[in-house]
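Take a look at the structure set out below.
Protein chains in written order, with the working numbering: chain V, -6 to 212; chain Y, 11 to 345; chain E, 310 to 725.
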């Protein structure tokens, strides 16, 4: 019985909060402010708990003191733990500067990893893919494909020129850069369309909850 | 003062209506409130007529305020859910490519599904997850679930609960740890993908229930991506499909298909074109596509009708907005 | 075809056909001796196929000791295509232990990659040709170890091109350090930064600075924080208020450090307060709700959005627009740029964010990196233009020289 009551309470609470957030569309109001505060508080708490159990306990503690006797302790995690403690040293102003080391570690490690993977995948592979015959092998491409190939080639060249910072955008170079920004704007337009779809999907998700799970007027 | 009273009155009426609908459903006053066809058509005509009225008022110099736009989008998205209208979703070449990859999988193949999203993106990605996993179960394909977002594996559990409750899947008596497994969340973003390239177990010493990796028959012999036949990434941002492509595909040769929120789909097309990504499903229409391809229509297809109505209303408002803008500009020039 | 078959099979053949049919129904397949086999045999053949020959196991080059490749010459019976071979099984012994099956290969196949090996172990393989009449084992390979290689020579061009770009970056950084002025083109929108801060000062309203929703390991966040340094310096000079809600604790730490340094540099350390930057939540939409609330209630005169953004971009920019703030945005997230372009007064598109960061900080490292990247872009541009022309001309008019150029460029940029 308790479970059933809790189910009803949960449904009404979720509906109350959903409608409260949507009420912002009308104007800022006390209901919205209340829902906003609840949302922020709960999400901050959720992330704290999630990080604690997933990282501090799940990874660090269980890594060093595994519950499974067949699993050897992973002492290398102590380095990560020490770096984590160093982050907290900000609270002691005298040695607060030590908190910059873990920061440097995170930035450096990520930059190192990303340097190669982005260069290999986003530069090398994409450049290789751009080298395509505009008219297909032995003019085999259809008119649709030819136009597509030319748009891709010209779009890539000119957009790249727009992002060239060592030369002022003047003359023919400036003209190409202008075509480049035009291509970018067309891309943004397409992207905008997709986003409209995405936003309506989010709204639909909530309306499905309100009309389906809560009120039950739809299947 | 009277305005405030009307507002309070409106809120009270709305609350009473909601309570009646809620209670009515629970005590069995009605099953659902689906519109008959004639009513659906009538509603569409009324909406179209009222929008024409707004256009007329705009031309007359009385533009609608922004809240009217919100109201119309809300109506356009909600009412179609009550209508008995179905919509055929054309299959994109990227969606077809993804499905072709799925069809190549043999019974017993191992598929890695990474849930890299959280509840806000569920309307778009959850129907894809359900359709994909259901297809795998129907074809006796083994499913290994993980997440780079903390709430991802929970979304996976919701999808699993829904699919496993279906009679035909129930009849297969699928066993956790043998036919499917949820390895849970691992923090570390792209570093997790990188590390899995050499050692899965180091990233997932246990599954989300705490069962040791070696005790899970499905994964205990999998050391790295070479033990995976296909992978599917459901992504709503970072870390997500881009990171999987850059590391797992390009460095370790994983075969990857993806389902993305519509927002980030355009950014992934270059990877499809270059062959790094074996197909992509974009947003709600992608969800409807995979449902159509796998032959089981669900939330994706149902939502696509409402989605299309929403799009139409927005297109009309873009036209109205442009009319208002140009009329305003002309007036400014005259003065 | 049907007619031909009917004429060939006369009534005299019928008893034989009935016998064969009955045998087929009674004995649908012949076990090949393995319970886990995937192959299905044919009735009546009792002669096993000839084994495969020239079986060679080789360590895969330039890997992390994770694979051994096997090659063989298929069984003569397989090559003659008379159905005597239906596939191959690959067996392996690890460190002298017993042989276990590691995989199957189809008929006609002449290679197999074993990607389940561990480096340092000794492996011996043999291949079994399987047919309806039985199976035949090949000779065993010599013991082999999967070695780890230090350098992947398949990626030599990646290294070379990377070296050229990295070398250019180092060269330009050194050039900037020596005091030589490096030219960077004017970036539209940057002039507006000081103007926007001035406007907020005149109106007596705060400035809102959002550095995205990603952590300090994201280069865009770093660029945003670098620009924050310049903005905070001007704010300190003008004595305006800055408000910076953040969604990551590390960003809060870095932003406080940056603003503090700027206030120190402006000679106004007393005006700095830790409250200028506050952590809200990691949750994306929770953060957006808070920022929207701040915008609507405090009505900042200027909003900066500089960093990595996702779905929150439009929601924040739209709210900023509705309160009439001057908005300056910059991000390298291609999917979010449209919203900033639409809703903001100035937008730094993609790499312009990093260029702006370099331009404002005038730091040799950032300036040099930007110039070095321009070298990389010039190389990419040249290769794409030459490659596209070569492959188009070569394939359209069958000119070998052009095709060779295109092939060579493709091979250079192939990373796997």
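Every residue, glycine too, gets a C-beta built ideally from N, C-alpha and C.
7 Å Cβ cutoff met for residue i and residue j
i, j, result
"residue 155 of chain Y", "residue 166 of chain Y", "yes"
"residue 323 of chain Y", "residue 191 of chain V", "no"
"residue 531 of chain E", "residue 585 of chain E", "no"
"residue 647 of chain E", "residue 599 of chain E", "no"
"residue 453 of chain E", "residue 664 of chain E", "no"
"residue 67 of chain V", "residue 222 of chain Y", "no"
"residue 124 of chain V", "residue 697 of chain E", "yes"
"residue 442 of chain E", "residue 356 of chain E", "yes"
"residue 539 of chain E", "residue 679 of chain E", "no"
"residue 447 of chain E", "residue 435 of chain E", "yes"
"residue 234 of chain Y", "residue 207 of chain Y", "yes"
"residue 113 of chain V", "residue 467 of chain E", "yes"
Limits of the unbroken alpha helix (DSSP H) element including residue i
i, result
"residue 241 of chain Y", "First-last for residue 241 of chain Y: 240 to 245, but that is the beta strand (DSSP E), not the alpha helix (DSSP H)."
"residue 25 of chain V", "23 to 44"
"residue 647 of chain E", "646 to 652"
"residue 529 of chain E", "528 to 547"
"residue 152 of chain Y", "Per DSSP, residue 152 of chain Y belongs to no alpha helix (DSSP H); it is in the beta strand (DSSP E), 152 to 157."
"residue 68 of chain Y", "47 to 69"
"residue 124 of chain V", "Careful: residue 124 of chain V lies outside any alpha helix (DSSP H) and carries neither H nor E."
Counted within 10 angstroms of its Cβ, other Cβ atoms place residue i as buried (16 or more) or exposed
i, result
"residue 621 of chain E", "buried"
"residue 85 of chain V", "exposed"
"residue 640 of chain E", "buried"
"residue 182 of chain Y", "exposed"
"residue 565 of chain E", "buried"
"residue 520 of chain E", "buried"
"residue 720 of chain E", "exposed"
"residue 68 of chain Y", "buried"
"residue 142 of chain V", "buried"
"residue 410 of chain E", "exposed"
"residue 180 of chain Y", "exposed"
"residue 100 of chain V", "buried"
"residue 207 of chain V", "buried"
Other residues of its chain near residue i: CB distance less than 6 Å, five sequence neighbours each side excluded
i, result
"residue 382 of chain E", "362 and 363"
"residue 345 of chain E", "Low local confidence applies: a pLDDT of 41 at residue 345 of chain E is under 50, so the model's placement there is unreliable, with the coordinate-based value given in what follows. Within the same chain, residue 345 of chain E has no close Cβ partners at all."
"residue 170 of chain V", "154, 155 and 162"
"residue 557 of chain E", "524"
"residue 481 of chain E", "677, 680 and 681"
Proximal residues to residue i (C-beta, below 7 Å), its chain only, five neighbours per side dropped
i, result
"residue 288 of chain Y", "107, 108, 111, 265, 266 and 267"
"residue 330 of chain Y", "64, 65 and 68"
"residue 54 of chain V", "none"
"residue 378 of chain E", "367, 369, 420 and 422"
"residue 281 of chain Y", "255 and 287"
Neighbourhood of residue i by C-beta distance below 8 Å, restricted to the same chain and skipping five residues each side
i, result
"residue 163 of chain Y", "125, 155, 156, 157, 192, 193, 194, 195 and 218"
"residue 224 of chain Y", "211 and 230"
"residue 94 of chain V", "76 and 79"
N-terminal and C-terminal residue of the beta strand (DSSP E) that residue i is part of
i, result
"residue 655 of chain E", "655 to 658"
"residue 553 of chain E", "551 to 555"
"residue 621 of chain E", "Run containing residue 621 of chain E: none in the beta strand (DSSP E); it sits in the alpha helix (DSSP H), 621 to 631."
"residue 32 of chain Y", "No beta strand (DSSP E) contains residue 32 of chain Y, which is instead part of the alpha helix (DSSP H) from 12 to 37."
"residue 443 of chain E", "443 to 446"
"residue 194 of chain Y", "190 to 195"
Selection of the region 69 to 89 of chain V by Cβ proximity to chain E, strictly under 9 Å: 80 and 83
Can you pull out the residues from the region 619 to 644 of chain E whose beta carbon lies closer than 7 Å to at least one beta carbon of chain Y? 619, 620, 643 and 644
Beta carbons nearer than 9 Å to chain Y: which residues of the region 692 to 715 of chain E have them? none
Against chain V, which members of the region 285 to 296 of chain Y pass a CB distance test of less than 9 Å? 285, 286, 292, 293, 294 and 295
Of all the residues that make up the region 114 to 143 of chain V, which are near chain Y by a beta-carbon distance shorter than 8 Å? 114, 115, 118, 119, 121 and 122
If the cut-off is 9 Å on Cβ atoms, which residues from the region 118 to 141 of chain Y count as contacting chain V, listed in chain order? 129, 130, 131, 132, 133, 134 and 136
At a Cβ cut of 9 Å, what residues of the region 421 to 435 of chain E count as close to chain Y, listed as they run along the chain? 422, 424, 425 and 427
For the region 178 to 197 of chain V, list every residue whose C-beta sits within 8 Å of some C-beta in chain Y, in sequence order. 180, 183, 184, 187, 188, 189, 190, 191, 193, 194, 195, 196 and 197
May I ask you to list, following chain order, the residues of the region 493 to 527 of chain E that have a beta carbon less than 9 Å from some beta carbon of chain V? 493, 494, 495, 496, 524, 525, 526 and 527
Check each residue of the region -4 to 10 of chain V: if its Cβ is closer than 7 Å to any Cβ of chain E, include it; give the result in chain order. none
Cβ-based contacts, 7 Å cut-off: residues of the region 652 to 677 of chain E near chain V: 658, 659, 660 and 664
Members of the region 30 to 61 of chain V that neighbour chain Y once the beta carbon cut-off is set at 9 Å: 39, 40, 43, 44, 47, 48, 51, 52, 55, 56, 59, 60 and 61
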